[in-house]
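Chemist:
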Amino acid sequence: MSDAWPLELTGDAVSVAPRLLGGVVVHRGVAVWLSEVEAYTGADDPASHAHRGPTARNAAMFAGPGHVYVYLSYGIHHAANIVTAPPGTAAGVLLRAGEVVAGLDLARRRRPGVVDARLASGPGNLGRVLGLTLDTTGRRFRVIAAPVTPVAIIGDERDDSLLFAPAGATVAVRQGPRVGVGAAHERPWRFWIADDPTVSRYRRAASAR
DNA sequence: CTTCGGATTGGCT
DNA sequence: GCCAATCCGAAGA
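Residue 52 in the working numbering sits at position 52 of the first sequence, and the numbers go up by one each step.
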């Protein structure tokens, strides 16, 4: 078993983003099958946290393919990106939504009273279900082969390793503008799986009016 | 040092 | 559709 980050998931975030759909992310006892992602690049992307170059917060975005960039959104939500760009350059894919495919009991406990399809719907909710914190930023995904559902593979809530299983089957991809983004909102860099119930509702940024 | 706004969410009008 | 919650870090003074 090789755990190196795949070459085909390296490079331009806009190209890599749709290929991450159908992949599975695992952390702290929960596995999420990705149904919605968004691409963010570096200096050329005014909506990206890396737009103005490296800082203490966004350092992980420059750390190379397979690293995680976790940021705190609105003081409340932890959102995760998978970095795709070579070290020293910035590009990443925001994990926006997915379906919980293992660790359902844990996921429900982390989001009480929420119907299963909505457990990981939206970047903040996905981060919550995975138990992400700011301490996780800058760490690296270990790549494994699907299927990843057995508990022996995903571990329990104490297991803070980051696993990623690339998509097994081909999925029908849709594309449109990024959610909640004011700057460069015309770029269709959000990708999702057609007709999937876990995909988040589109919301235009207040500043994009 | 202080100010300010956000790659969001859920609840309410 | 509107708005508050809640905190970090980037930027400006």
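We put the beta carbon where it would ideally sit given N, CA and C, even for glycine.
Starting from the Cα of Leu72, find the closest Cα among Leu162, Val148 and Leu126 and give me that residue.
Modeler: If you number the first sequence from 1, residue 72 lands on position 72. Of the listed residues, the one whose Cα sits closest to Leu72 is Leu126.
Chemist: CB Phe141 to CB Leu119, shorter than 8 angstroms?
Modeler: Stepping through the first sequence from its first residue, residue 141 is reached at position 141. Stepping through the first sequence from its first residue, residue 119 is reached at position 119. No, the pair does not count as a contact, with Cβ atoms beyond the cut-off.
Chemist: Between Ala63 and Pro46, how many whole angstroms is the CB-CB distance? I'm expecting something under 8 angstroms.
Modeler: For this step, residue 63 is matched to residue 63 along the first sequence. For this step, residue 46 is matched to residue 46 along the first sequence. Distance from Ala63 to Pro46 at the Cβ level is roughly 22 angstroms; contact not present, criterion being Cβ atoms closer than 8 angstroms.
Chemist: Cα separation between Thr55 and Ala183?
Modeler: Numbered from its first residue, the first sequence carries residue 55 at position 55. Numbered from its first residue, the first sequence carries residue 183 at position 183. The alpha-carbon atoms of Thr55 and Ala183 are separated by roughly 20 angstroms.
Chemist: What are the partner residues of Ala97, as DSSP defines its beta bridges?
Modeler: Taking the first residue of the first sequence as position 1, residue 97 is located at position 97. For Ala97, which the question treats as bridged, DSSP gives the partners Glu36 and Ser121.
Chemist: Curious, which full-length alpha helix (DSSP H) runs of at least 4 residues does the region 135-173 contain?
Modeler: 151-154
Chemist: If you follow the beta strand (DSSP E) that Val70 is part of, which residue opens it and which one closes it?
Modeler: In the first sequence, residue 70 corresponds to position 70, counting from 1. Element bounds for Val70: Val68 to Ser73.
Chemist: Hey, quick one: how far does the alpha helix (DSSP H) through Arg19 stretch, first residue to last?
Modeler: Looking up residue 19 in the first sequence gives position 19. Note, Arg19: alpha helix (DSSP H), Ala13 to Leu20.
Chemist: With H, G and I counted as helix, E and B as strand and the rest as coil, what does DSSP make of Val199?
Modeler: The residue labelled residue 199 in the question sits at position 199 within the first sequence. Reduced to three states, the DSSP call for Val199 is coil.
Chemist: Cutting at 6 angstroms between CB atoms, please list the residues of its own chain near Arg178, excluding the five before and the five after it.
Modeler: Residue 178 sits at position 178 when you count from the first residue of the first sequence. If we look at Arg178 and ignore the five residues flanking it on each side, its Cβ neighbours are Glu38, Trp189 and Arg190.
Chemist: So, helix, strand or coil for Val83, using DSSP?
Modeler: Numbered from its first residue, the first sequence carries residue 83 at position 83. Note: Val83 maps to strand in three-state DSSP.
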